[in-house]
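Okay, so the sequence shown: first residue is 2 according to the numbering used here, each after it adds one. Scroll down for the structure; my scribbles are underneath it.
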Amino acid sequence: MLNRTLNILWRCIDGIMALILVGMIAMVFANVVLRYGFSSGIREAIELSRLSLVWLVMLGAAVVLRRNEHLAVHDVLNLLPAPLVLFLRRLAYAIVVAAVLMLFVGAWRQTLANWNNISPLTGLPSGLFYLSGVVSSVLMIAIGAVRIVNPGARLDGGHDDDRYAAEMHQ
């Protein structure tokens with residue numbers, strides 16, 4: 002049941018990211034065509050594109066962390082014994098959780114401070130920019146906490162296909 006719920010959650014996030022990307026492309030394309038073809042433009046599209054980019058990046062950071070696809074130096078890890086690698090992975094995720102906790106606190110404060118600032122172009126609260134950091138940090142804290150306990154967990158019911166994750170489950 003939990004694996005199915007997690008699969009649905011991550012598929013929804015992937016779908017949201019795809020919709021955001023399509024919307025961004027459409028807004029920017031329409032604005033370019035209007036600006037260079039008709040000397041006009043959609044003023045709201047600039048701010049909405051910027052807001053979309055922020056959300057896309059923040060959600061993408063959580064997705065990449067879940068998939069364990071952040072930049073890493075596996076050549077060094079392959080030279081170390083498995084117990085040391087597991088310790089280092091747990092340490093790395095503890096550092097990630099600490100950093101993301103700071104992101105959460107800062108983004109939460111900025112969301113609250115800017116929620117009543119309404120954009121004159123779109124009528125949306127400026128706090129929406131910072132809310133993306135809150136949502137992303139909550140996802141990344143959950144991922145990091147699970148990976149401290151189980152460094153090979155992918156949070157979608159599977160495990161990384163490497164020797165360290167396989168050794169943990171033997």
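The beta carbon of each residue, even a glycine, is placed where N, CA and C say it ideally should be. Source: prediction; values computed, not measured.
Practice problem: Please name the residue, chosen from W56, M28, G124 and G153, that lies closest to S137 on a Cα-to-Cα basis. | Solution: The residue among W56, M28, G124 and G153 with its C-alpha nearest the C-alpha of S137 is W56.
Can you tell me whether M2 is buried or exposed? The criterion is at least 16 other CB atoms within 10 Å of its CB, across all chains shown. Around the C-beta of M2, fewer than 16 other C-beta atoms lie within 10 Å, and the residue is accordingly described as exposed.
Check: Are there 16 or more other CB atoms within 10 angstroms of the CB of I144, so buried, or fewer, so exposed?
Finding: Counting Cβ neighbours within 10 Å, I144 comes out buried, since at least 16 surround it.
**Q.** Length of the line joining the Cα atoms of V34 and S50
**A.** The alpha-carbon atoms of V34 and S50 are separated by roughly 15 Å.
Exercise for the section: Please report how far the alpha carbon of I119 lies from the alpha carbon of P126, in whole angstroms. Expected result: Taking C-alpha positions only, I119 is separated from P126 by approximately 4 Å.
Go ahead and label N117 buried or exposed: buried means 16 or more other beta carbons lie within 10 angstroms of its beta carbon, across all protein chains shown. In summary, N117 is exposed, with fewer than 16 beta-carbon neighbours lying within 10 Å of its beta-carbon over all protein chains present.
| message | Rounded to whole angstroms, what is the Cα-Cα separation between N8 and G24? | response | Here the alpha carbons of G24 and N8 stand approximately 24 Å from one another.
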